[in-house]
Amino acid sequence: KIISVSVMFILGVRSPVNNFFFRSTEMKVTYSQITSSLQKFSPGELMSLIPELFSEISWDAVRTSIRKNRLSCQSKFIAMVTTSLYEATNPTTENLQFVYWALQLFDKIEHNSQDWHGIHLFDEIEEVYDTNVIERNIIRAYRTEARDAEVMIKVCEHLIYVMTIEKRTSPNGVKYGKPFFFVYNHKLEEPYGFYS
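Each residue of the sequence shown is one higher than the one before, counting from 7 in this note's numbering.
See below:
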């Protein structure tokens, strides 16, 4: 079923439903979560994903460590070695959070394990391909409603993937909502998008 909606509604900006997905505790990412997320990818996917996501880790370093430790080139071992190499770089809490979110976005792009729902957009989407502009526009739209969000964008050929995570600051720390995914094909003649 395809419905017509506003772009800002679908990104969660004017949606009261989005509040339903809020977690009640501060999210702290652990290294085991990074390892588990990496294990979802095949060795071939990891070969291209690791250098893109971890700028300080090369695929050669991962492969060398696997050989040195006499491990097979399975996803679980690649994930363990990558996490170990990443941990050695002493990433900040913010960096850990970024990597975890990026892995969620890449998992959604690569594996499409959940249903996508089609929507007809009645707003015109500007032909903006600069991800920084798209990100700023989404954050600005949230802030007009006194809300805040983290935004991640990945462009794959004609598809623009957007992940938004609403963020709230309280005296107890920062709380994050459940990730919301949206994809738009800018080559379609009609303005359709898909969300999950």
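Using N, Cα and C, we set each Cβ at its ideal position, and we do this for glycine too.
Collapsing the DSSP output to three states places F187 in a strand. DSSP, read as helix, strand or coil, puts T175 in strand.
The beta carbons of L111 and M169 sit closer together than 7 Å. By the Cβ neighbour-count rule, S43 is buried, with 16 or more other Cβ atoms within 10 Å of its own. K114: member of the alpha helix (DSSP H) spanning 99-117, first to last residue. Looking at the DSSP output, G50 bridges to nothing.
Of the other Cβ atoms in all chains shown, fewer than 16 fall within 10 Å of the Cβ of L194; this residue is therefore exposed.
In this structure, the straight-line span from the alpha carbon of L77 to that of E116 is close to 25 Å.
L165 is the residue among P57, V180, L165, N178 whose C-alpha sits nearest the C-alpha of F200.
Note on geometry: alpha-carbon atoms of I72 and Y190 lie some 38 Å from one another.
Taking the Cα positions, Q80 is about 18 Å away from I63. Taking the Cα of L127 as reference, the smallest distance to any Cα among G179, R69, E196, T137 is reached at E196. Bounds of the alpha helix (DSSP H) holding D66 are 65-74. In the DSSP assignment, E93 falls within the unbroken alpha helix (DSSP H) covering 81-93.
Taking the CA atoms as reference points, Y106 sits about 10 Å from K34.
By the Cβ-count criterion, K184 is exposed, with fewer than 16 other Cβ atoms from all chains shown falling within 10 Å of its own Cβ. Between I125 and the set T36, Y198, S48, Q45, the nearest pair of CA atoms involves Y198. If you check the CB distance, T88 and V68 come in under 7 Å.
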